[in-house]
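In this note's numbering, the protein residues as written are 6 to 373.
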């Protein structure tokens, strides 16, 4: 089993200028897909070396090949394709691009391109690391597939939610095994539904986007995750990042963990990355609901949304407060979210992003 250490990160990093320029050229038919991938390869290699040089152990590709943290994974599934929609997601002060996905056939994991992306990352970690680093890969949580209303044509493929849920479970079971076989030992599911159970806004969003009542589907969502993780290899860590929304430094939800924490032991994740950068996430009391003695909790006490560095003493006090409800030896710290959950990125510079990561690493050494 890999050793994570005392600091982590959610996965995405700000896209470099080279990535942005290449993607724009690709969209304008000035670069081929192969040309774009070559640019991505070079920039990911630089990113891997940067993370290793800083002392980061969980090495990601920064999601440099993606436009969205979630849609790209779904677009790569069998039976799913891109869909332009009338309106994007409404965040606090921002609205996203109007892009989504649609079901065109029974869904399957198939020969997903992200498995090759993981292999490329793992090879770089082996090439530049000293053996203590490991490749970390991120994909959207299974629940994220339920974020939209199925059209009448899609309902011909999946007449009821239970049939869709069964195929989603199979997709994720296959994904876990495929990533494992490709060398991944740390896989993270990014969750934006169960993470907001205590925000009334979620119930409205779920009903508007899916036509389902949240109270009727929470148990189904928990079942989908449990079944997805049921056969995961013993020496593979599967984590979840409980996200409140992250788009151009804007957030979507205000929710503590009072309700969802009651499911933490049941869900079966090894690691929970929880946002705790401001009052929107509530207190640390829900951590006491975790009874599994092998579970790790990563406290996202440093925001990825703004450039200012948090006061070190204030961060230490947060960790101390959390340790009153959960063992200190099983706590870690990290940024509250990714730095670029979509290709637009948050409102800070690359230099400020790396200052944040250095701050976290230094804090972790001082605390533990």
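Yeah, the Cβ is synthetic: ideal placement off N, Cα and C, and Gly gets one too.
Would residue i and residue j qualify as a contact pair, given that the criterion is a beta-carbon distance under 9 angstroms?
i           : j           : result
residue 262 : residue 247 : yes
residue 197 : residue 146 : yes
residue 264 : residue 249 : no
residue 87  : residue 107 : yes
residue 348 : residue 92  : no
residue 306 : residue 320 : yes
residue 7   : residue 295 : no
residue 109 : residue 81  : no
residue 155 : residue 49  : no
residue 181 : residue 121 : no
residue 5   : residue 338 : This structure leaves residue 5 out entirely; the chain is present only between 6 and 373.
residue 345 : residue 113 : no
residue 225 : residue 271 : no
residue 207 : residue 192 : no
residue 3   : residue 40  : Past the edges of the chain, shown from 6 to 373, lies residue 3, and the structure says nothing about it.
residue 194 : residue 281 : no
residue 304 : residue 257 : no
residue 76  : residue 104 : yes
On a CA-only basis, which of the options is nearest residue i? Give me that one, please.
i           : options               : result
residue 178 : 278, 34 and 233       : 233
residue 227 : 238, 192, 199 and 372 : 199
residue 202 : 176, 282, 123 and 286 : 286
residue 100 : 277, 274 and 254      : 254
residue 238 : 58, 23, 188 and 43    : 188
residue 350 : 151, 68 and 297       : 68
Between the alpha carbons of residue i and residue j, how many angstroms are there, rounded?
i           : j           : result
residue 149 : residue 354 : 29 angstroms
residue 322 : residue 330 : 13 angstroms
residue 365 : residue 158 : 48 angstroms
residue 315 : residue 171 : 44 angstroms
residue 309 : residue 20  : 14 angstroms
residue 300 : residue 36  : 45 angstroms
residue 324 : residue 370 : 13 angstroms
residue 73  : residue 367 : 30 angstroms
residue 153 : residue 222 : 14 angstroms
residue 358 : residue 10  : 20 angstroms
residue 210 : residue 293 : 29 angstroms
residue 317 : residue 290 : 22 angstroms
residue 184 : residue 124 : 9 angstroms
According to DSSP, simplified to helix, strand and coil, what is residue i?
i           : result
residue 32  : helix
residue 43  : helix
residue 58  : helix
residue 331 : coil
residue 266 : helix
residue 99  : coil
residue 278 : strand
residue 195 : strand
residue 320 : helix
residue 187 : coil
residue 345 : coil
residue 52  : helix
residue 163 : coil
residue 142 : strand
residue 130 : helix
residue 75  : coil
* To do: Mind the definition here: the stretch 160-169 touches the stretch 113-120 only if three or more C-beta pairs lie below 8 angstroms; say whether that holds.
  => The stretch 160-169 vs the stretch 113-120: no contact.
* Validate contact between the stretch 43-62 and the stretch 133-147 using beta carbons, cut 8 angstroms, 3 pairs -> Per the Cβ contact rule, the stretch 43-62 is in contact with the stretch 133-147 (3 or more Cβ pairs under 8 angstroms).
* Stretch pair the stretch 136-145 + the stretch 62-76: three plus CB contacts closer than 8 angstroms -> Taking 8 angstroms as the limit for Cβ pairs, the verdict is that the stretch 62-76 does touch the stretch 136-145.
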